[in-house]
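Enquirer: This is the structure I want to talk about, given as structure tokens.
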Amino acid sequence: MSWLLSMSKNQPLAHAEVLCNGTQSAHTLSDADFIRYSRQVLLPEVGEAGQLQLADASVVIVGLGGLGQLAAQYLACAGIGNLTLIDMDKVEVSNLPRQLLFNDADIGLNKARVAKQKLKGLAPQCTVTAHETAFSAETSAHHFAEVLQLKQQGKRVLVLDCTDNFATRQSINRCCVEAALPLVSASIAAFSGQLFAVDQMQLPSGGCYHCIFPAQTRVSQSCSTQGVLGPSVGVMASMQSLVVMQLLLSVDSGCDEPKNALLGRFWRFDAKSLSWTAAVLTRDPHCDVCGPKGAYLSSNKDSLEV
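Structure, rendered in structure tokens:
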């Protein structure tokens, strides 16, 4: 660790010295930051500039249940500079086996408010905004106002859908398409998980959530009706957080694939066999949201065993 401190002391960073995403970073890394994030900074794909990109980034998390509260912890502790948390629900005793940010003392309190308070203790450098309201098309302008301003300034912004309500997921998707915000969506119920990432600006051919599940689709996947094991939730939240960080850092996926290879992919996780199946998304020309185009799952699937 001494070499890391020596490097930070001998080569101090100045605001004008490090550019992130083509824009000047509003942050510098202190000696304490180098120590805190040393394992990330050691990665060539991250380094100083990447850590500053995370500090400049803003992420909106809709839903602070099993997925959202864990993703919020991972992202805040990784150095994400700004988190916006949206959830109207209150902590219930049945949440506690899988929503590890909460405890018995939090029962009856709003999830977004409690998460904000606890994240400040875990990651004091992260600015957290909590909205104790439901997400809808009517409230999206208010919920997305800050990240849209940051996006106009050239900052990296991203939205996480961690909800388990089909109508809300459709609303989040439509708002992200209209605002040209990248979206990483995940869900888990029983032993089946789903994960995908779409970005109309970087990969418009990748379609959107509505292309996969049109409005008339009947989706019954829900923890409250089908049950779930806590570790399965943890797997999906971890993968969702990993995709977010790689997209924010523009990490090359390797295997001779383009840097946006994580976009336009739909992954299914089978918690019984511990296996992943991936499919490529392409636009359906009849999608009501991102049309006159749209998306459907291609028949070419890769089995990703873990």
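For the sequence shown, the tail end lands on 309 under my numbering, and the numbers increase by one without skipping.
A virtual CB, placed ideally from N, CA and C, is assigned to each residue, including glycine.
Ignoring anything shorter than 4 residues or poking outside the stretch 34-83, list the alpha helix (DSSP H) runs there in chain order.
Expert: Taking only runs of at least 4 residues, the alpha helix (DSSP H) segments lying wholly in the stretch 34-83 are 34-39, 41-44, 50-59, 69-81.
Enquirer: Taking C-beta to C-beta, are R177 and L251 nearer than 8 angstroms?
Expert: Translated into positions along the sequence shown, residue 177 becomes position 174. Translated into positions along the sequence shown, residue 251 becomes position 248. Not in contact: R177 and L251 (Cβ atoms no closer than 8 angstroms).
Enquirer: Excluding the five sequence neighbours on either side, which residues of its own chain have a C-beta within less than 7 angstroms of the C-beta of Q203, listed in chain order?
Expert: To locate residue 203, count along the sequence shown from 1; it is residue 200. Correct list, in chain order: V180, A183, C293.
Enquirer: From Y77 to E149, what does the alpha carbon distance come to, in whole angstroms?
Expert: Position 74 of the sequence shown, counting from 1, holds the residue named residue 77. Position 146 of the sequence shown, counting from 1, holds the residue named residue 149. Roughly 21 angstroms separates the two Cα atoms.
Enquirer: Using three-state DSSP, classify F105 as helix, strand or coil.
Expert: Within the sequence shown, numbered from 1, the residue matching residue 105 stands at position 102. If DSSP states are grouped into helix, strand and coil, F105 belongs with coil.
Enquirer: Does L99 come out as helix, strand or coil in the three-state DSSP assignment?
Expert: Here the question's residue 99 lines up with position 96 in the sequence shown. Correct three-state label for L99: coil.
Enquirer: Can you tell which of L265, D273, S253 has the C-alpha that lies nearest to the C-alpha of P47?
Expert: Walking along the sequence shown from the start, residue 47 turns up at place 44. Of the candidates L265, D273, S253, the one whose C-alpha sits nearest the C-alpha of P47 is S253.
Enquirer: Kindly indicate which three-state DSSP category N85 falls into: helix, strand or coil?
Expert: Within the sequence shown, the letter at position 82 stands for residue 85. Strand.
Enquirer: Report all residues from its chain with a CB closer than 6 angstroms to the CB of G69; omit the five preceding and five following residues, and keep chain order.
Expert: Taking the sequence shown and counting its residues from 1, one reaches residue 69 at position 66. Around G69: R101, Q102, V236.
Enquirer: For the putative contact between L206 and G267, defined by C-beta atoms under 8 angstroms, what is the C-beta separation to the nearest angstrom?
Expert: Within the sequence shown, residue 206 is the residue found at index 203, counting from 1. Within the sequence shown, residue 267 is the residue found at index 264, counting from 1. With a Cβ gap of about 5 angstroms, L206 and G267 count as contacting.
Enquirer: How is the alpha helix (DSSP H) around A170 delimited, first residue to last?
Expert: To locate residue 170, count along the sequence shown from 1; it is residue 167. Taken as a continuous stretch (DSSP letters only), the alpha helix (DSSP H) holding A170 covers 169-182.
Enquirer: Ordered along the chain, which non-local residues of its own chain (more than five positions away) have a Cβ less than 6 angstroms from that of D259?
Expert: Here residue 259 refers to the residue found at position 256 when the sequence shown is read from its first residue. Its pLDDT being 48, under 50, D259 is placed unreliably by the model, and nothing is read from it.
Enquirer: How far does the beta strand (DSSP E) with V131 in it extend, from its first residue to its last?
Expert: What you label residue 131 is simply residue 128 of the sequence shown in a count that begins at 1. First-last of the beta strand (DSSP E) with V131: 130-134.
Enquirer: Could you pull the start and end residues of the beta strand (DSSP E) that T228 belongs to?
Expert: Residue 228 sits at position 225 when you count from the first residue of the sequence shown. Not the beta strand (DSSP E): T228 falls in the alpha helix (DSSP H), residues 226-229.
Enquirer: So the beta strand (DSSP E) Q197 belongs to, where does it begin and stop?
Expert: The residue you call residue 197 lines up with position 194 of the sequence shown. Looking at the DSSP string, the run of the beta strand (DSSP E) that includes Q197 is 195-201.
Enquirer: For A29, does the three-state DSSP call read helix, strand or coil?
Expert: As a working note, residue 29 is residue 26 in the sequence shown. Coil at A29, not helix or strand.
Enquirer: What did DSSP end up calling Y299 once you bin it into helix, strand or coil?
Expert: As a position in the sequence shown, residue 299 is number 296, starting the count at 1. Bear in mind that a pLDDT of 49 at Y299, under 50, signals an unreliable position, so the number given afterwards is only what the model happens to contain. In this structure, Y299 counts as strand in the three-state DSSP scheme.
Enquirer: Just grab the DSSP bridge partners of K119 for me.
Expert: Reading the sequence shown from its first residue, position 116 is the one you call residue 119. Paired residues: none, contrary to the question.
Enquirer: Measuring alpha carbon to alpha carbon, tell me which residue in D291, I38, E135 is nearest P217.
Expert: In the sequence shown, residue 217 corresponds to position 214, counting from 1. Closest option to P217, Cα to Cα, is D291.
Enquirer: Taking the alpha carbon of E95 as the point to measure from, which residue in L55, L57, L112 has its own alpha carbon closest?
Expert: Walking along the sequence shown from the start, residue 95 turns up at place 92. Considering only alpha carbons, the answer is L112.
Enquirer: Can you name the residues that DSSP bridges to I191?
Expert: By one-based count along the sequence shown, residue 191 stands at place 188. DSSP, once it has assigned bridges, lists G196 as partnering I191.
Enquirer: If we call anything under 8 angstroms between Cβ atoms a contact, is C129 one with A79?
Expert: The residue you call residue 129 lines up with position 126 of the sequence shown. The residue you call residue 79 lines up with position 76 of the sequence shown. Yes, these two residues count as a Cβ contact at 8 angstroms.
Enquirer: Thinking just about the alpha-carbon of each residue, which of L265, V65, K93, D92 is nearest to the one in L86?
Expert: If you number the sequence shown from 1, residue 86 lands on position 83. The shortest C-alpha separation from L86 is found at V65.
Enquirer: Quick check: what's the CA-CA separation for Q152 versus Q72?
Expert: Taking the first residue of the sequence shown as 1, we reach residue 152 at position 149. Taking the first residue of the sequence shown as 1, we reach residue 72 at position 69. Rounded to whole angstroms, Q152 to Q72 spans 25 angstroms at the Cα level.
Enquirer: Which one of F199, S97, S244, S61 has the shortest CA to CA distance from T285?
Expert: Here residue 285 refers to the residue found at position 282 of the sequence shown. Considering only alpha carbons, the answer is F199.
Enquirer: Would H289 be called buried (16 or more neighbouring beta carbons within 10 Å of its own) or exposed?
Expert: On the sequence shown, residue 289 is found 286 positions in, with the first residue counted as 1. That one is exposed.
Enquirer: Under DSSP, the alpha helix (DSSP H) around S370 begins and ends at which residues?
Expert: No answer is possible for residue 370: the residues shown for the chain start at 4 and end at 309.
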